[in-house]
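Residue numbers (my numbering), protein chains in the order written: chain A, 483 to 699; chain B, 483 to 699.
Quick reminder that beta carbons are idealized off the backbone N, C-alpha and C, glycines included.
Just so we're clear, the structure is a prediction, and the values are computed from it rather than from any experiment.
To start, the structure under review is shown below, and the notes come after it.
Protein chains: 2
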Amino acid sequence: MAVRTLTVKENILGANNEKAEENRKLLDSHHVLMINVMSSSGSGKTSLITRTIQQFRDKYRIAVIEGNVSPSIDAEKITQNNVLAIQLNTSGGCHLDAQMIRKALDTLDLDRTDLIFIENIGNLVCTADFDLGAHKNAVILSIPEGDDKPYKYPVMFVEADVVLVNKVDVRAHFDFNLDTFPGIISGMNPSARIYPISAKTGEGMDRWFSWIDETLN
Amino acid sequence: MAVRTLTVKENILGANNEKAEENRKLLDSHHVLMINVMSSSGSGKTSLITRTIQQFRDKYRIAVIEGNVSPSIDAEKITQNNVLAIQLNTSGGCHLDAQMIRKALDTLDLDRTDLIFIENIGNLVCTADFDLGAHKNAVILSIPEGDDKPYKYPVMFVEADVVLVNKVDVRAHFDFNLDTFPGIISGMNPSARIYPISAKTGEGMDRWFSWIDETLN
Numbered sequence: 483m484a485v486r487t488l489t490v491k492e493n494i495l496g497a498n499n500e501k502a503e504e505n506r507k508l509l510d511s512h513h514v515l516m517i518n519v520m521s522s523s524g525s526g527k528t529s530l531i532t533r534t535i536q537q538f539r540d541k542y543r544i545a546v547i548e549g550n551v552s553p554s555i556d557a558e559k560i561t562q563n564n565v566l567a568i569q570l571n572t573s574g575g576c577h578l579d580a581q582m583i584r585k586a587l588d589t590l591d592l593d594r595t596d597l598i599f600i601e602n603i604g605n606l607v608c609t610a611d612f613d614l615g616a617h618k619n620a621v622i623l624s625i626p627e628g629d630d631k632p633y634k635y636p637v638m639f640v641e642a643d644v645v646l647v648n649k650v651d652v653r654a655h656f657d658f659n660l661d662t663f664p665g666i667i668s669g670m671n672p673s674a675r676i677y678p679i680s681a682k683t684g685e686g687m688d689r690w691f692s693w694i695d696e697t698l699n
Numbered sequence: 483m484a485v486r487t488l489t490v491k492e493n494i495l496g497a498n499n500e501k502a503e504e505n506r507k508l509l510d511s512h513h514v515l516m517i518n519v520m521s522s523s524g525s526g527k528t529s530l531i532t533r534t535i536q537q538f539r540d541k542y543r544i545a546v547i548e549g550n551v552s553p554s555i556d557a558e559k560i561t562q563n564n565v566l567a568i569q570l571n572t573s574g575g576c577h578l579d580a581q582m583i584r585k586a587l588d589t590l591d592l593d594r595t596d597l598i599f600i601e602n603i604g605n606l607v608c609t610a611d612f613d614l615g616a617h618k619n620a621v622i623l624s625i626p627e628g629d630d631k632p633y634k635y636p637v638m639f640v641e642a643d644v645v646l647v648n649k650v651d652v653r654a655h656f657d658f659n660l661d662t663f664p665g666i667i668s669g670m671n672p673s674a675r676i677y678p679i680s681a682k683t684g685e686g687m688d689r690w691f692s693w694i695d696e697t698l699n
């Protein structure tokens, strides 16, 4: 039978951009790099950030802003690595905005911080629409989610500086085509870096670490 | 170091409930059952619905309302099974609401429909907050996402009538504990049915099919 398409327009973008620009200027004035890490739930944001902290904690002063819809164990996991974690609880809200990030930044000593990770709320839909004032966007897509996700959730991938394809350690068990995937991303976002990784085993993480080093220096 | 918690309250719930109740009454007056299928992206909503249609297409008259943030191939996949698929494109919006569903229902011949599936937008956060007028909520969590997700995204699981644990065919490769998981769900939602399934291989799907049969009759 036929497909009927109804378009339901909805303005979900607030007057958020000005605040985001303020955040970026504030960070620049203190020489702080902020990276916004986005993905669906369960793709590996916490694992990625934890591994990255372990790599860099003796080299850079790191803080993490954790977005959560409810009180979570992520912040405790992160602080086991001896960095400051600020938990932003949205009380059910599906995204962070620049104003929330500003509140978190105001609690940090930015002169003693080199690198801030935002662990965004776990979904591929609304998070990408809100500029938070980060300098870079890192998007994680994990192998079990499927290689068609950039078509279904394009905004996230169009705005990514880095696309991390996580859980490559289980690639033998899923249909995700790692050969054609870079072409899909390049088609919508030619400048995006694409790094297949396993935050669990450490496979491929060196390229991600090098990218952070380059971006910070 | 310490964890600092900032609470950012946000009212994301609109005056949606009245419309949802109207939808439910409309469906009841035509003896139609509507099931709202929710999950993160890539958990297997389309596969579940496709398999279920294949099971029941000679027994029930089925329609599918597809929520998408951008034009998608899901509706085409569904219509290959000879049922009517209505695509609701939210233009980036992260959730469906009762008013959008009403527009879709108005395009259907409800006297010639027994069962409607809503394939909700792929995320675990904001979709559950909006009553769409469905009679039942089915939530899919897939093995690769991890068994901690009910703690992180509780609303979705508290409101589920059925929790489908999908992709059990790859359970050997992930840490998901299928023995303790039912206890986690029962703790927050004692009446929820919990069905481990593989929409890919068909494993465990008979209990889901039986539940639909019972609910319809």
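query                                                                                                                               : result
Which residues DSSP lists as bridging residue 518/B, in chain order                                                                 : 600/B, 619/B
Nearest to residue 659/A (by Cα), restricted to the options 624/A, 566/A, 527/A                                                     : 624/A
Paired residues, beta bridge with residue 644/A - DSSP                                                                              : 620/A, 675/A
CA-to-CA distance, residue 583/B to residue 532/A, given in whole angstroms                                                         : 41 Å
Between the CA atoms of residue 585/B and residue 595/A - distance to the nearest angstrom                                          : 51 Å
Cβ-based burial, residue 513/B [other Cβ within 10 Å; buried from 16]                                                               : exposed
Alpha-carbon spacing of residue 681/B relative to residue 692/A, whole angstroms                                                    : 39 Å
Through-space distance from residue 511/A to residue 520/A, alpha-carbon basis                                                      : 25 Å
Residue 629/B, buried or exposed, once every other Cβ within 10 Å from all chains shown has been counted against 16                 : buried
C-beta atoms of residue 605/B and residue 551/A nearer than 7 Å                                                                     : no
Inter-residue spacing [alpha-carbon to alpha-carbon] between residue 689/A and residue 643/B                                        : 44 Å
Top-ranked residue by Cα proximity to residue 529/B, from 648/B, 670/B, 668/B                                                       : 648/B
Neighbouring residues, chain B, relative to residue 685/A (Cβ below 8 Å)                                                            : Per Cβ cutoff of 8 Å: no residues; residue 685/A is ~15 Å from chain B at best.
DSSP-derived helix/strand/coil call for residue 665/A                                                                               : helix
Test item: CB-CB of residue 549/B and residue 580/B under 7 Å                                                                       : no
Residues bridged to residue 500/B [DSSP beta-bridge criterion]                                                                      : Bridge partners of residue 500/B: none, in fact.
Simplified DSSP assignment, three categories, for residue 570/A                                                                     : strand
Beta-carbon gap between residue 524/A and residue 601/B smaller than 7 Å                                                            : no
Residue range of the unbroken beta strand (DSSP E) whose run includes residue 531/A                                                 : Taken as a continuous stretch (DSSP letters only), residue 531/A belongs to no beta strand (DSSP E), being part of the alpha helix (DSSP H) at 527-538.
Alpha-carbon to alpha-carbon, residue 568/A and residue 687/A                                                                       : 25 Å
Residue 544/A - partner residues in DSSP beta bridges                                                                               : 597/A
The region 601-612 of chain A: positions lying closer than 8 Å to chain B by Cβ                                                     : 603, 604, 605, 606, 607, 608, 611
Classification of residue 575/A by the beta-carbon crowding that lies within 10 angstroms, buried from 16 upward                    : buried
Residue 546/B and residue 612/B closer than 7 Å at C-beta                                                                           : no
Same chain, Cβ closer than 7 Å to residue 484/A, five either side skipped, listed in chain order                                    : Residue confidence for residue 484/A is low, a pLDDT of 49 falling below 50, so the modelled location carries little weight and cannot support an answer.
Member of 570/A, 573/A, 578/A whose CA lies at the smallest distance from the CA of residue 499/A                                   : 578/A
Per-residue contacts from residue 647/A into chain B (C-beta, under 8 Å)                                                            : Chain B residues near residue 647/A: none, gap ~13 Å exceeds 8 Å.
Same chain, Cβ closer than 6 Å to residue 501/B, five either side skipped, listed in chain order                                    : 580, 581
For residue 640/B and residue 620/B, the rounded distance between their alpha carbons                                               : 11 Å
Contact list for the region 624-647 of chain B against chain A, Cβ threshold 9 Å                                                    : 624, 625, 626, 627, 628, 630, 631, 633, 634, 635, 636, 637
Interface residues of the region 651-663 of chain A facing chain B [CB-CB below 8 Å]                                                : 652, 655, 656
Inter-residue spacing [alpha-carbon to alpha-carbon] between residue 539/A and residue 566/A                                        : 11 Å
Beta-carbon contacts of residue 504/B that lie in its chain and below 8 Å, excluding the five residues immediately before and after : 580, 584, 615
Three-state class that DSSP yields for residue 659/A in the structure shown                                                         : coil
Any chain B beta carbon closer than 7 Å to residue 521/A                                                                            : no
Beta-carbon proximity of residue 683/B to residue 651/B, cut-off 7 Å                                                                : yes
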